[in-house]
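A.B. asks:
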Amino acid sequence: MNTSVAIQILPMLEDDKKVVAVVDKAIEYIQSTGVTYAVGAFETTIEGDYDQLMEIVKNITKIAADAGAPQVMTYVKIDYKSAGKVLGIHEKTDKYQH
């Protein structure tokens, strides 16, 4: 695993229930890819191969738009290591889980 990506999808909708429904569709898409992921309150972190994760990044905004958001803001943070592994989700967060 040489890449970790944090993705935040912000559907520009006034109805909170619709916002949640669009975000749920984006998370369902991530789940369908088979990558390791962790859903947080503000973003979802995905881990794996750089090219596979960039394909997810490329598609996720359109997935959200197709789910009913006429406008979507997408924020992405990428941790890439050309040789070796990046720190994984569990290495970063397990000690804080309760």
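Numbering (our numbering), first residue to last: 759 to 856.
A virtual CB, placed ideally from N, CA and C, is assigned to each residue, including glycine.
Are there three or more Cβ pairs, one per stretch, closer than 8 Å when the segment 844-851 is compared with the segment 773-793?
C.D. replies: no
A.B. asks: Checking 8 Å against the spacing of the C-beta atoms, do I818 and I767 come in under that value?
C.D. replies: On the sequence shown, residue 818 is found 60 positions in, with the first residue counted as 1. On the sequence shown, residue 767 is found 9 positions in, with the first residue counted as 1. Result yes, Cβ atoms of I818 and I767 sit closer than 8 Å.
A.B. asks: Kindly indicate which three-state DSSP category A827 falls into: helix, strand or coil?
C.D. replies: Counted from its first residue, the sequence shown places residue 827 at position 69. Three-state result, A827: coil.
A.B. asks: Contact defined as beta carbons within less than 8 Å: I believe T761 pairs with V844. What is the distance between those atoms, to the nearest angstrom?
C.D. replies: By one-based count along the sequence shown, residue 761 stands at place 3. By one-based count along the sequence shown, residue 844 stands at place 86. With 8 Å as the limit, T761 and V844 qualify as a contact, their Cβ atoms being about 6 Å apart.
A.B. asks: Could you check which residue in M770, Y808, V793 has the C-alpha nearest to that of A841?
C.D. replies: The sequence position of residue 841 within the sequence shown is 83, counting from 1. Per the Cα distances, Y808.
A.B. asks: Any C-beta of chain C sitting closer than 8 Å to the C-beta of A841?
C.D. replies: As a matter of chain content, chain C is missing from the structure shown, which is built from one protein chain.
A.B. asks: How would you write the range of the alpha helix (DSSP H) that S790 sits in, first residue to last?
C.D. replies: One-based indexing of the sequence shown puts residue 790 at position 32. It spans 774-791 - the alpha helix (DSSP H) in which S790 sits, taken as one unbroken run.
A.B. asks: Rounded to the nearest angstrom, what separates A823 and E786 at their Cα positions?
C.D. replies: Within the sequence shown, numbered from 1, the residue matching residue 823 stands at position 65. Within the sequence shown, numbered from 1, the residue matching residue 786 stands at position 28. Taking the straight line from one Cα to the other gives about 14 Å.
A.B. asks: Which residues does DSSP pair with G798 in a beta bridge?
C.D. replies: Translated into the one-based positions of the sequence shown, residue 798 becomes position 40. Note: G798 sits in no beta bridge, so no partner.
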